[in-house]
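Residues in the sequence shown are numbered from 24 upward in steps of one, following this note's numbering.
Every residue, glycine too, gets a C-beta built ideally from N, C-alpha and C.
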Amino acid sequence: MVSYDRQDAEQAQLAERVPPRVKSAWRAAVEWVKGPDPPRIFHITPVFAKMQDAPLALLDRYAPKKIQRFWLLVALYGCWLLAFSLVLRASSFSSSIPGYGSPVRLGCGNRYWDDGNGCGLNGDRCRPFTNASLAFRCPADCHKTHVLNPHAVGDQEIVYRPLVIGGPTDHQTGFEDVLVDNAIYRGDSFICGSAVHAGFIKDAEGGCGVLTLTGEQPSFTSSKHHGIESVGFDSYFPRSFGFLSGTRASCKDLRWPALAVSVFFTVVLSLFTTDPAVFFWSVFVISFFQTALATDPPNLTNYYSLLSVAFGRFLPACFCGWVTYRYTVQRTLAGLTAQVEKTFLWLGPLWVGALNNQTFDKIPIQRLTPHDIRAQPGAIPALIIVILTIFFIALGQAWSFRLEGRMPRYLLIYGLMVAALLVMISVPGLDLRIHHYILALLLLPGTSFQNRPSLLYQGLLVGLFVNGIARWGFDSILQTPGELFQGAQQGTLLPAVSVLAIGASNITFNLGPLPQYERKADVFWDGISVLVNDVERFKGYADDRSYWGDVDTGVGNYTWTWRRHRHGKHYDLNEIDDLDGGVETEAVGDIPEYFRFAYLAGSSAGDYSKAGKWASDGWTQMEPGPS
24 MVSYDRQDAE QAQLAERVPP RVKSAWRAAV EWVKGPDPPR IFHITPVFAK
74 MQDAPLALLD RYAPKKIQRF WLLVALYGCW LLAFSLVLRA SSFSSSIPGY
124 GSPVRLGCGN RYWDDGNGCG LNGDRCRPFT NASLAFRCPA DCHKTHVLNP
174 HAVGDQEIVY RPLVIGGPTD HQTGFEDVLV DNAIYRGDSF ICGSAVHAGF
224 IKDAEGGCGV LTLTGEQPSF TSSKHHGIES VGFDSYFPRS FGFLSGTRAS
274 CKDLRWPALA VSVFFTVVLS LFTTDPAVFF WSVFVISFFQ TALATDPPNL
324 TNYYSLLSVA FGRFLPACFC GWVTYRYTVQ RTLAGLTAQV EKTFLWLGPL
374 WVGALNNQTF DKIPIQRLTP HDIRAQPGAI PALIIVILTI FFIALGQAWS
424 FRLEGRMPRY LLIYGLMVAA LLVMISVPGL DLRIHHYILA LLLLPGTSFQ
474 NRPSLLYQGL LVGLFVNGIA RWGFDSILQT PGELFQGAQQ GTLLPAVSVL
524 AIGASNITFN LGPLPQYERK ADVFWDGISV LVNDVERFKG YADDRSYWGD
574 VDTGVGNYTW TWRRHRHGKH YDLNEIDDLD GGVETEAVGD IPEYFRFAYL
624 AGSSAGDYSK AGKWASDGWT QMEPGPS
């Protein structure tokens with residue numbers, strides 16, 4: 024008892040030391056946060072109530088019993104499932120292309136070549152280079168798929184645009200009689216984007232057809248066709264492709280008819296039901312599978328795999344949906360009889376959010392990370408606008424919470440959320456990534472009352488959540504830099520390379536000493552990799568002399584000599600010493616070659632340098648920095 028008395032006395036003394044003005048301001052702030060007494064509970068009174076009640080009156084007249092309404096609901100589900108399945112089957116399963124079999128389902132970002140040294144020495148992991156064909160199927164809207172990390176094409180860097188290299192050309196390819204417009208594309212181009220650029224398929228519809236590998240080509244011409252501007256490349260590449268004339272098949276991407284089916288049935292449901300659980304779960308399920316299977320599906324080549332992934336993501340999404348409904352949506356929709364307003368203000372924004380790939384993807388913020396925000400043109404102004412919009416919306420929602428007397432509780436909830444995010448930011452070795460499904464979950468509690476702005480915000484956020492999970496799955500809020508910037512520049516040590524000698528047909532490089540220790544990355548670089556025209560042509564390690572031939576490696580600096588490649592009429596990969604007199608070749612030095620260098624730690628490569636250029640007029644040194 025004595026200890027408690029002392030504590031009370033100490034607290035009383037501390038309270039006496041607080042200035043009266045501070046005490047008064049604190050009490051006033053607390054009273055203001057608590058809101059009015061009694062609180063004002065929001066409830067939407069329908070505008071033109073008789074008109075909005077018309078669907079319910081119709082239902083009361085022709086199906087007054089619960090069992091009748093139950094079977095009407097079952098019939099609606101059955102009709103949606105049947106119509107959606109028929110459209111989906113026509114859109115996703117096509118008949119075989121005569122002579123080539125069933126087409127393989129491609130995503131807009133699929134290509135034949137991996138970045139850096141991903142295809143191995145001389146590209147052997149990505150063979151064959153020619154004498155092969157592929158029946159394929161592309162979705163619609165592939166012109167919107169951009170490369171998000173800098174991609175080297177010789178001494179150019181391509182980013183935030185479609186990765187299409189090449190196009191129709193006037194030079195002899197050996198395939199003039201069989202290809203659409205004699206259009207040749209480098210092997211690392213987006214296949215579907217290239218098909219749109221060539222005019223082989225329509226971007227708005229997608230389509231099927233057959234491509235053929237056309238081996239090595241001496242150059243690739245840039246051009247702008249069908250809304251896509253391709254990149255040019257003035258040197259050779261071992262793998263290329265074009266599209267066979269007469270093989271285009273009718274297999275349209277019917278995502279928009281499928282969407283029309285889903286929107287129609289959800290609108291009917293919204294107009295004729297007042298039960299918040301029936302409405303929410305019906306719309307949630309329909310919009311989820313509409314997104315996962317039609318409007319924004321994951322990039323998978325097999326449709327049965329797509330179904331498997333969709334159902335695998337659906338069950339955990341339902342748990343999040345239950346929490347959202349129980350603590351947010353139910354309060355907003357309970358007792359709401361404004362059927363038309365609910366349809367426009369809640370259901371409409373839900374479809375806007377679920378179609379994120381067609382709506383908010385136009386905002387120039389591809390990934391909400393500091394690296395991408397700094398790098399992407401227009402991202403900083405767009406982010407400022409988004410933050411200001413959310414801020415002013417939050418002020419309006421906070422005022423509504425105060426009027427309902429619930430502000431203290433939600434200040435605590437969002438305070439805990441902010442504290443959790445700050446803790447996550449401080450975790451070493453991991454980066455915070457706010458995916459749009461996470462953003463939706465964070466903001467949804469702020470919409471848990473029944474007024475018109477909350478209907479709009481809540482529907483939009485539920486749609487964003489559905490799109491995020493159906494398309495990308497439950498990606499972690501904390502990711503390693505490698506996961507976050509896969510394929511991006513790592514900021515590793517670059518080789519200090521110099522040219523020792525240049526001849527008419529060969530060039531010798533000083534690659535510097537090996538191994539190298541990089542303190543920042545805490546890694547020993549024990550080898551080096553060289554890309555010529557973006558294909559790995561050499562790799563060597565300090566502990567194995569067999570990579571270096573007769574070169575004396577004892578002095579510490581390693582050297583490497585490259586003999587100029589010649590392009591033969593049969594499009595084989597030949598070096599000058601391997602040519603016989605019967606093969607027609609380009610003159611030595613007519614075709615430039617581009618060199619990039621990177622250190623190796625075992626089989627893993629660091630950043631490659633920017634490209635140095637060896638042309639007929641000599642050597643152009645690479646610029647500083649990675650590519």
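Margin query: Please report the straight-line C-alpha distance between Leu95 and Gly371, rounded to a whole angstrom.
Written below: 23 Å
Note to self: Looking at Ile188: is its Cβ nearer than 8 Å to the Cβ of Arg209?
What the structure shows: yes
Checklist line | Cys231 vs Cys274 beta-carbon contact at 8 Å | finding: Yes; because the gap between Cβ atoms is below 8 Å, this pair is in contact.
Next item on the list: Return the first residue and the last residue of the alpha helix (DSSP H) that Glu506 is part of.
Entry: For Glu506, the enclosing alpha helix (DSSP H) starts and ends at Pro504 to Leu507.
Check: If you count every other CB in all the chains shown that lies within 10 Å of the CB of Met74, and 16 or more means buried, which is it?
Finding: exposed
Note to self: Please classify Ala519 as buried or exposed, where buried requires at least 16 other C-beta atoms within 10 Å of its C-beta.
What the structure shows: Note on Ala519: under 16 other CB atoms within 10 angstroms of its CB, so exposed under the neighbour-count rule.
Item checked: Delimiting residues of the alpha helix (DSSP H) encompassing Cys341 -> Tyr326 to Thr347
Notebook entry, point to check: In the DSSP assignment, what residue or residues form a beta bridge with Pro191?
Noted result: Ala206
Next item on the list: Could you have a look at Leu596 and say whether DSSP puts it in helix, strand or coil?
Entry: A caution first: Leu596 carries a pLDDT of 42, below 50, which makes its placement in the model unreliable, though a value can still be read off. Here Leu596 sits in strand by DSSP.
Item checked: Sequence-distant residues of its chain with Cβ nearer than 8 Å to His174 (five each side left out) -> Asp138, Glu180, Ile181, Val182, Leu186 and Asp211
Notebook entry, point to check: What is the DSSP secondary structure of Leu466, counted as helix, strand or coil?
Noted result: helix
Note to self: Runs of 4 residues minimum, wholly inside the segment 537 to 584: which ones carry the alpha helix (DSSP H) assignment?
What the structure shows: none
Next item on the list: Report the three-state DSSP secondary structure of Phe532 (helix, strand or coil).
Entry: strand
Next item on the list: Would you kindly work out how many angstroms separate the C-alpha atoms of Val170 and Ser114, rounded to a whole number?
Entry: 26 Å
Item checked: Coil, strand or helix - Lys636 by DSSP -> strand
Check: Assuming Pro468 and Thr351 make a contact with CB atoms under 8 Å, what is their CB distance in whole Å?
Finding: 6 Å
Next item on the list: Whole angstroms is fine: what's the gap from Ala511's alpha carbon to Ala621's?
Entry: 14 Å
Checklist line | Length of the line joining the Cα atoms of Leu623 and Glu506 | finding: 20 Å
Check: Just how far apart, CA to CA, sit Arg40 and Phe415?
Finding: 38 Å
Margin query: Assuming contact is defined by CB atoms lying nearer than 8 Å, are Gly482 and Leu378 in contact in what I supplied?
Written below: no
Margin query: From the DSSP secondary-structure annotation, give me the bridge partner or partners of Tyr433.
Written below: DSSP, once it has assigned bridges, lists no residue as partnering Tyr433.
Next item on the list: In the DSSP assignment, find the alpha helix (DSSP H) that holds Tyr85 and state where it starts and stops.
Entry: Ala72 to Tyr85
Notebook entry, point to check: Just how far apart, CA to CA, sit Ile207 and Phe561?
Noted result: 27 Å
Margin query: Taking the beta carbon of Ala155 as the centre, do at least 16 other beta carbons fall within 10 Å, making it buried, or is it exposed?
Written below: exposed
Notebook entry, point to check: What does DSSP give as the partner residues of Ser521 in its beta bridges?
Noted result: Asn533
Margin query: Could you tell me the alpha carbon to alpha carbon distance between Arg586 and Arg494, rounded to whole angstroms?
Written below: Near 47 Å, if we compare the C-alpha coordinates of Arg494 and Arg586.
Check: Cα separation between Pro649 and Trp422?
Finding: Taking the straight line joining both Cα atoms gives about 50 Å.
Margin query: If contact is defined by three or more beta carbon pairs under 8 Å, each pair taking one atom from either stretch, is the segment 275 to 287 in contact with the segment 326 to 341?
Written below: No: the two stretches stay apart, fewer than three of their Cβ pairs being nearer than 8 Å.
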